[in-house]
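Those letters in the sequence shown? Residues 7 to 178, per my numbering, in order.
All C-beta atoms, glycine included, are put in the ideal place defined by N, C-alpha and C.
Predicted model, so just to flag it, every value in this text is computed and none were measured.
A quick write-up on the structure given underneath.
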Amino acid sequence: MSKEFLAKGDPYQYFLKKINSTHFKLSNGEFEDISRDSLKSLLYTLIYSSSNSQERNVNRYLKLTNQNYSYLSLKEEFPEFFKVIDSLKSIPFESNQNGIEKKFPAHLLIFKEESRFAREILEKSCLEENFPVFPLHDSFITTSDHYSDLEEIICDTSHRLYDCVLAHKKKF
Numbered sequence: 007m008s009k010e011f012l013a014k015g016d017p018y019q020y021f022l023k024k025i026n027s028t029h030f031k032l033s034n035g036e037f038e039d040i041s042r043d044s045l046k047s048l049l050y051t052l053i054y055s056s057s058n059s060q061e062r063n064v065n066r067y068l069k070l071t072n073q074n075y076s077y078l079s080l081k082e083e084f085p086e087f088f089k090v091i092d093s094l095k096s097i098p099f100e101s102n103q104n105g106i107e108k109k110f111p112a113h114l115l116i117f118k119e120e121s122r123f124a125r126e127i128l129e130k131s132c133l134e135e136n137f138p139v140f141p142l143h144d145s146f147i148t149t150s151d152h153y154s155d156l157e158e159i160i161c162d163t164s165h166r167l168y169d170c171v172l173a174h175k176k177k178f
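Here is the structure:
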């Protein structure tokens, strides 16, 4: 996905649009659309599975949720995404005394990056700008009088770290 796409909206829409397309559903004998929540769980299953069990785990999830497509059909539809996941899962984490590399699970890399982003926002807002921000999972809560300050920090931080302003929702 391009940075431009990530900055515009929900990244799950990229997958939903293709998976719920008439062409993809017909070619896989599927009749129902997959929901955003189900897609999220499916992608988490892929990300959290080890390399040698991801196909089995994804197929099991699809079967349990009554989806007719398979790991292979998803891999054919999203080859670049699967390539990135495979690359993440093959990054060496550490070497033990015998020089054998251990692999860093992809979800830990994602957690690490999410934590870095949240830490940067909290440092800037709470420590530097001195206004209260409460982190909650992947959200930030502040008082209404500091909302615009927090939004500016989120935009600046995402631009500085990722060279684009990541899409985010505003709730009041």
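Around the CB of Val-90, fewer than 16 other CB atoms lie within 10 Å, so the residue is classed as exposed. As the crow flies, the alpha-carbon of Glu-61 is around 21 Å from that of Arg-42. Around the CB of Tyr-50, fewer than 16 other CB atoms lie within 10 Å, so the residue is classed as exposed. Contact annotation: Phe-21 and Leu-52 have beta-carbon atoms that are not nearer than 8 Å. Look at Ile-97 here: in three-state DSSP terms it is coil, with no helix or strand label. Of the candidates Asn-74, Glu-129 and Tyr-54, the residue whose Cα lies closest to the Cα of Leu-156 is Glu-129. DSSP places Phe-146 inside the beta strand (DSSP E), whose first and last residues are 145-147. Annotation for Leu-49: the continuous alpha helix (DSSP H) segment containing it runs 42-54. With at least 16 other beta carbons inside 10 angstroms of its own, Lys-95 counts as buried. A straight-line Cα-Cα distance of about 18 Å links Tyr-75 and Gln-19. Rounded to the nearest angstrom, the gap between the Cα atoms of Lys-81 and Pro-17 is 17 Å.
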